[in-house]
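Protein sequence lines correspond, in order, to chains A and B. For the first sequence, position 360 matches number 360 in the UniProt record's numbering, and the numbering has no gaps at all. For the second sequence, position 185 matches number 185 in the UniProt record's numbering, and the numbering has no gaps at all. Beta carbons: idealized from backbone N, C-alpha and C, even for Gly. The block underneath contains the structure these notes are about, expressed in structure tokens.
2 protein chains.
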Amino acid sequence: MKVFKSPIKDIQFVTQQVFDIDAHYKTIPQGAEATPEMVAAISQECAKFSENVLFPLNQSGDAEGCSFKDGQVTTPAGFKEAYQQWVDNGWQGLSHPEEYGGQGLPLSLGVIKSEIVGTANWSFGMYPGLSLGAMNTLIEHGTEEQKRGYLSKLVEGSWTGTMCLTESNCGSDLGQMKSKAVPSDDGSYRITGSKIFISSGEHDLAENIVHIVLARIEGETAGTKGISLFIVPKILPNDDLSLGEANQVSCGSIEHKMGINGSATCTMNFDGSKGFLLGEKNKGVNAMFTFMNTARIGTAIQGIGAAELAFQNSLAYAKERRSMRTLGGPVEPQQAADSIIHHPDVRRMLLKQKAIAGAGRAMLYDAAMIADKMMAATDDKEREAVDSELGFITPILKGFFTEMGIEAANEGMQVFGGHGYIKEWGMEQISRDVRIATLYEGTTGIQGLDLLGRKVILDKFKQYGAVNKRILNLYKRSLASPHRWQMMKFIGPLMGYQLRWQRMLLSILLAARKDRDAVGAATHDFLMFSGYLMSAYYWALMALTAFEKLAQKKSDSADLGDDFYQSKIQTAEFYYARMLPRAKSHSEIVRAKLSSLTAMAEKDFCLE
Amino acid sequence: MKVFKSPIKDIQFVTQQVFDIDAHYKTIPQGAEATPEMVAAISQECAKFSENVLFPLNQSGDAEGCSFKDGQVTTPAGFKEAYQQWVDNGWQGLSHPEEYGGQGLPLSLGVIKSEIVGTANWSFGMYPGLSLGAMNTLIEHGTEEQKRGYLSKLVEGSWTGTMCLTESNCGSDLGQMKSKAVPSDDGSYRITGSKIFISSGEHDLAENIVHIVLARIEGETAGTKGISLFIVPKILPNDDLSLGEANQVSCGSIEHKMGINGSATCTMNFDGSKGFLLGEKNKGVNAMFTFMNTARIGTAIQGIGAAELAFQNSLAYAKERRSMRTLGGPVEPQQAADSIIHHPDVRRMLLKQKAIAGAGRAMLYDAAMIADKMMAATDDKEREAVDSELGFITPILKGFFTEMGIEAANEGMQVFGGHGYIKEWGMEQISRDVRIATLYEGTTGIQGLDLLGRKVILDKFKQYGAVNKRILNLYKRSLASPHRWQMMKFIGPLMGYQLRWQRMLLSILLAARKDRDAVGAATHDFLMFSGYLMSAYYWALMALTAFEKLAQKKSDSADLGDDFYQSKIQTAEFYYARMLPRAKSHSEIVRAKLSSLTAMAEKDFCLE
């Protein structure tokens, strides 16, 4: 990894020109201070910090990794100092309420921050990222006292947070959880159990760690309905929030992983640890799910960031490395060989990465703006409506763009030939790091089940219908625009794929009437098709915006340049011509007989 | 990685029942001693050695890796002892001529050995594997003296070999090579240059290393036509092959790689090293290409082996791990949750791996039997004919099955959820190890170019036509068989996809008349389509064989059991229903406008 430039122009294009975030900010209270100048200044600052401080620690952090000794975790050299700068500059509380010490800016501005930071150094970003999860849970479910206490420290960044869900025998199936909570006389609880895969569970960046722990209160019902949420601090705070005595919380080990080596993944042992109920008794799983959407949006960023970082670095290499001549004849005859960016197959790999990063970014900020509205919602009904809108696109964003992030990183490596396999170049690290993204925060299988089962079928097609309508509106808007002829090559196919999406769902529903496993068999392909379709939607939308900008007078100070807009249209063309057709195989596979998955007897998979 | 069972039954099925290798062995001189009993005994011995000695070193070898100090390379603990057993048991010379100390058995039997060894421990297998490259080059191009000398030591295994092609600025584009050879008075040469990515370039397994080095004799023409091949031993042998003085050959460093950490990847510095011309002057590149096919078949094994190993381990996990209930209702109601093998989406991931390994194995032994014929060819014309048959399927085998091996390993990890990312389980290692396979021995891009450019177009469609005919013959054979009705679901689609293959080629040729870059733009999709089609061919062939075996009387001692045959048919059904449709997107993408790849100006890829 030699290069990282914050994709500020691409972010500007999407947020300001495609979605008009400035107008959006005028509609939400958090947006009051988020003037275009403020957004630009924050993005620039974040870019500077990420390029100059975080990115240089990305490769060294991977090589060194975290170390574990006597229950203590040491993060890689430089992480502690970088985190201190993070705290000093107030980055942690950017989009959290001013009354708890935050800057009160919109959530979507926090997403810009997360994208830039996460692309520069994902492992570093995991520490403040996990705090966000704890912070959001506290905001939604904490008592005023808990907010004044734990939340304000988390907002400050002097403490960090974790989410403790997984146990060795259960991940997504939380009902199998074994951790127990026993009530004490003082109203607190004693928590006992062992949690695994706890990111940032222990480290040397902050003076205290606030664990948000799922456990079952003794005697409560089995399954997910008997699980509650607890605040379990590493060090028990005194009333004035100074540090008191150590709690019975210990890190048993850290995992040795394929990647994200700078991020400590801990086994956390709670041994009669003092914990405080967070939210309602037995509603712990529901409380977790409140913020599952934003957590999953956060994970999607990893896929998009990996695509961007792989793209930038493989592009730099493709311009520099010379090999052979294109079949069309020498492009640079004065050189010993053409630079490989001239080979069509190398362009294919580069454009794929660019198309993935671009579509993912568009969907990301679309989701972020919906999340803004959720934060601004003034009553439960409004909140629910926006949450269900967000809930529909979240599994697509997380499921599809983490899968595509892996593919993009893989293509990035491939551009380097054998050099891609060598650690020094850093490309293999991008591949290793992003590989976790389809596994945590719910595997791709879980996202597919969530989308098709919960968000389409159980939702009775309400959000599904809304998205269909949205696509149709883009079609109509394109037809009504002066660019209708140029847009035909996008919106024509877009309509065709939308029709396939509808037929696909119909065929799943028909098959499910005979056997409900037909839904489980279709989740993956439905998810992937939805991802390709939504990407087609965003690329058409970006192309339309680009055509409009190209046609505008160039007096606009926010103009990003004709070449920039042209390259957006060209990327859209690439996407429609050379990526979108893959979606068809998914719609065809959905029509396959269920027996092609279910017929084989368990013992016949392998006969030994 | 907890499990490895040599897939002996699957190999038996393919070699004996699908291809009737016993009859084939009767037609080649090397086959004289390869009786079914001999083949079975060798396979069993190899399985035992691989399961008990090599597989246990796979994960430890990755964790420890090779180390480099003062020019010396130390292989991971246990490799040295395992290699000694390898030599003692005569594995190295299994399929090499008896006159040079080998066992004179068919090359395809050596492929069985390579598959089993390579699946158990790819990194270990690289050491003897690289020797094979050197041995084959010596057999074909060496003088009698060179064969009696170097070759016999390599056959014995007491010396190992390397292939030194790549330099820092050139991989596939060998014409840019800078290494020089200066003639000495005694007929030898002084070789000077630096080679990178030299697998097994230096290690502690054997007393000497024979480097086969490409270099340009001083004053010879630029480009590939001025390059010759040299034997450069690490230690110069005396006439009686005892070790003489050290040559000026040194290992400058070893690479730190994403995977195959037990295999030493060296920078080799030749500093006026004494070398001996191998084959004709200036024909070095041609000489290399003689054995490119077999080397690439060897690399394909890595993809197939990774699919098999990932499959076996994820299958074991899927049977054991319990999570949630299938949508169809509890399958194991007495348990807290169903084992995940009952979830359709997990079955999809398992069957994909199984289908990839199975199709790859079929193509592998098909290729190996053609290679047998090449070895047995008695005149140049016959050899050329067989070589061109082999040359057509080699880029598909290497290009497609290394890509699919990566995908399979990725699915294997995915079955494990978060645990797949943890080193302890070994799944991420399979992913990291196999990732090199699409990069070395010619990237996938190079395979695509070789297939479409050289093996289809420059070959004037001769082999392309032959393969089409072969597919048609399977269709006819199926129609003529009593299983014609059961075979319809395979051969019907097979014919349809074949037709697409023909149309696809036609559209490429038409586009290329306008712009030759249309060929370069189509190579990837043509290669992938060809891989899917060939896999469909092999799965149909395996299904037909399975139907025939199911219908046979069960007196046959070689019968593998009805459940086994049934599972082959079910895997074929899975492949046709849920993998083959992907091929269509490749044929559609080929029809896309060339401009969707070529229009973007170099500077507009990224605007900074």
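Note down, in chain order, every chain B residue with its Cβ under 9 Å from the Cβ of L439/A.
Counting from 1 along the first sequence, the entry for residue 439/A is found at position 439. Here the neighbours are M413, Q414, F416, G417, G418, H419, G420 and Y421.
Cutoff 9 Å: P344/A Cβ touching any chain B Cβ:
On the first sequence, residue 344/A is found 344 positions in, with the first residue counted as 1. Yes - at least one Cβ of chain B is within 9 Å of the one on P344/A.
N- and C-terminal bounds of the alpha helix (DSSP H) containing K80/A
Looking up residue 80/A in the first sequence gives position 80. First-last of the alpha helix (DSSP H) with K80/A: F79 to D88.
Pull up the CB-CB distance for K398/B and I28/B, whole angstroms please, since I reckon it's below 8 Å.
As a working note, residue 398/B is residue 398 in the second sequence. As a working note, residue 28/B is residue 28 in the second sequence. That belief does not hold up - the Cβ atoms of K398/B and I28/B are roughly 24 Å apart, past 8 Å.
Q30/B to G101/B span [Cα, whole Å]:
Residue 30/B sits at position 30 when you count from the first residue of the second sequence. Residue 101/B sits at position 101 when you count from the first residue of the second sequence. So the alpha carbons of these two residues sit roughly 14 Å apart.
Please report the residue range of the alpha helix (DSSP H) in which K549/A lies.
Here residue 549/A corresponds to residue number 549 of the first sequence, with the count starting at 1. Unbroken alpha helix (DSSP H) run through K549/A: D517 to A551.
If you drop the 5 nearest sequence neighbours on each side, which residues of the same chain put their C-beta closer than 6 Å to that of T267/B?
The residue you call residue 267/B lines up with position 267 of the second sequence. Cβ neighbours of T267/B beyond the five flanking positions: I196, G252 and S253.
Please return the same chain residues whose Cβ sits closer than 7 Å to the Cβ of A246/A, not counting the five positions on each side in sequence.
For the purposes of this step, residue 246/A is taken as the residue at position 246 of the first sequence. Counting only Cβ-Cβ distances below 7 Å, and skipping sequence neighbours, we find I235.
Tell whether a beta-carbon distance below 9 Å holds between residue 610/B and S507/B.
The question about residue 610/B has no answer here: the residues shown for chain B are numbered 1 through 608.
Contact residues within the stretch 593–607 of chain A, judged by C-beta distance below 9 Å to chain B
Of all residues in the stretch 593–607 of chain A, those with a C-beta nearer than 9 Å to a C-beta of chain B are K593, L594, S595, S596, L597, T598, A599, M600, A601, E602, K603, D604, F605, C606 and L607, reading in chain order.
Taking the alpha-carbon positions, what's the K553/A to M488/A distance?
The count along the first sequence starts at 1 and reaches residue 553/A at position 553. The count along the first sequence starts at 1 and reaches residue 488/A at position 488. Taking the straight line from one Cα to the other gives about 24 Å.
Can a CB atom of chain A be found closer than 9 Å to the CB of P581/B?
Looking up residue 581/B in the second sequence gives position 581. Chain A contact via Cβ: present.
Would L278/B and H96/B qualify as a contact pair, given that the criterion is a beta-carbon distance under 9 Å?
Position 278 of the second sequence holds residue 278/B. Position 96 of the second sequence holds residue 96/B. Taking 9 Å as the Cβ cut-off, L278/B and H96/B do not qualify as a contacting pair.
So, under 8 Å CB-CB, S50/A and S108/A are touching, yes? Tell me the CB distance rounded to an integer number of Å.
Here residue 50/A refers to the residue found at position 50 when the first sequence is read from its first residue. Here residue 108/A refers to the residue found at position 108 when the first sequence is read from its first residue. Going by Cβ atoms, the distance from S50/A to S108/A rounds to 18 Å, so no, they are not a contact pair.
At a CB distance below 9 Å, what residues from the stretch 169–182 of chain A approach chain B? Give them in sequence order.
N169, C170, G171, S172, D173, G175 and Q176
Taking M363/B as the reference, give the member of I139/B, W159/B, L533/B and R216/B with the closest Cα.
Your numbering for residue 363/B matches position 363 in the second sequence. Among I139/B, W159/B, L533/B and R216/B, the Cα nearest to that of M363/B belongs to L533/B.
Would you please verify whether the beta carbon of M542/B is less than 9 Å from any beta carbon of chain A?
Within the second sequence, residue 542/B is the residue found at index 542, counting from 1. No - not a single Cβ of chain A is within 9 Å of the one on M542/B.
Within 9 Å, strictly: CB atoms of A305/B and T119/B
Numbered from its first residue, the second sequence carries residue 305/B at position 305. Numbered from its first residue, the second sequence carries residue 119/B at position 119. With the sequence shown as reference, residue 305/B is identified as Gly, and Ala is not the correct amino acid for it. Yes.
CB of I370/A within 9 Å of CB of V111/A, strictly
The count along the first sequence starts at 1 and reaches residue 370/A at position 370. The count along the first sequence starts at 1 and reaches residue 111/A at position 111. No, the Cβ-Cβ distance between I370/A and V111/A is not below 9 Å.
Could you tell me whether the Cβ of Q570/A comes closer than 9 Å to any Cβ of chain B?
Residue numbering aside, residue 570/A sits at position 570 when the first sequence is read from its first letter. Yes, its Cβ sits closer than 9 Å to a Cβ of chain B.
If we call anything under 9 Å between Cβ atoms a contact, is Q312/B one with V3/B?
Here residue 312/B refers to the residue found at position 312 of the second sequence. Here residue 3/B refers to the residue found at position 3 of the second sequence. Contact: yes.
Using the beta-carbon count (16 or more within 10 Å), is N410/A buried or exposed?
Position 410 of the first sequence holds residue 410/A. N410/A is buried by the Cβ-count criterion.
Could you tell me the alpha carbon to alpha carbon distance between T394/A and Q84/B, rounded to whole angstroms?
If you number the first sequence from 1, residue 394/A lands on position 394. If you number the second sequence from 1, residue 84/B lands on position 84. Their backbone Cα atoms lie some 56 Å apart in a straight line.
Would you check if the distance between the CB atom of V182/A and the CB atom of I217/A is smaller than 9 Å?
Within the first sequence, numbered from 1, the residue matching residue 182/A stands at position 182. Within the first sequence, numbered from 1, the residue matching residue 217/A stands at position 217. It is a contact, given that the beta carbons lie within the stated cut-off.
Can you check which of these residues, F547/A, K593/A and E255/A, is closest to R477/A by C-alpha distance?
Taking the first residue of the first sequence as position 1, residue 477/A is located at position 477. The shortest Cα separation from R477/A among F547/A, K593/A and E255/A belongs to F547/A.
Roughly how many angstroms lie between the CA atoms of M324/A and A134/A, to the nearest whole one?
In the first sequence, counting from the first residue as 1, residue 324/A sits at position 324. In the first sequence, counting from the first residue as 1, residue 134/A sits at position 134. So the alpha carbons of these two residues sit roughly 53 Å apart.
Apart from the five residues just before and just after G445/A, which ones in its own chain have a Cβ nearer than 8 Å to its Cβ?
Residue mapping note: residue 445/A aligns to position 445 of the first sequence, counting from 1. Excluding residues within five positions, the ones whose Cβ falls inside 8 Å are T523 and H524.
Considering Cα atoms alone, identify which of D387/A, T15/A and Y421/A is closest to E255/B.
Here the question's residue 255/B lines up with position 255 in the second sequence. The shortest Cα separation from E255/B among D387/A, T15/A and Y421/A belongs to Y421/A.
Given 8 Å as the limit, is there contact between the stretch 284–294 of chain A and the stretch 323–342 of chain A, that is, 3 or more CB pairs closer than that?
no
H342/A, DSSP secondary structure in three states:
Translated into positions along the first sequence, residue 342/A becomes position 342. Looking at H342/A - three-state DSSP - the assignment turns out to be helix.
Which runs of the beta strand (DSSP E) at least 3 residues long sit entirely within the stretch 489–515 of chain A? Give them in chain order.
none
Same chain, Cβ closer than 6 Å to H419/B, neighbours up to 5 away in sequence not counted:
One-based indexing of the second sequence puts residue 419/B at position 419. W425.
Going by the CB atoms, is the gap between F124/A and A63/A shorter than 9 Å?
Here the question's residue 63/A lines up with position 63 in the first sequence. Here the question's residue 124/A lines up with position 124 in the first sequence. No, Cβ-Cβ distance for A63/A and F124/A is not below 9 Å.
W91/B - DSSP class collapsed to helix/strand/coil
The count along the second sequence starts at 1 and reaches residue 91/B at position 91. DSSP places W91/B in coil when its eight states are reduced to three.
Whose Cβ in chain A lies nearer than 7 Å to the Cβ of L515/B?
Numbered from 1 along the second sequence, position 515 holds the residue referred to as residue 515/B. The question names Leu, yet the displayed sequence has Asp at residue 515/B. Going along chain A in sequence order, the residues near D515/B (Cβ under 7 Å) are G328.
Helix, strand or coil for T378/A, going by three-state DSSP, please let me know.
On the first sequence, residue 378/A is found 378 positions in, with the first residue counted as 1. Note: T378/A maps to coil in three-state DSSP.
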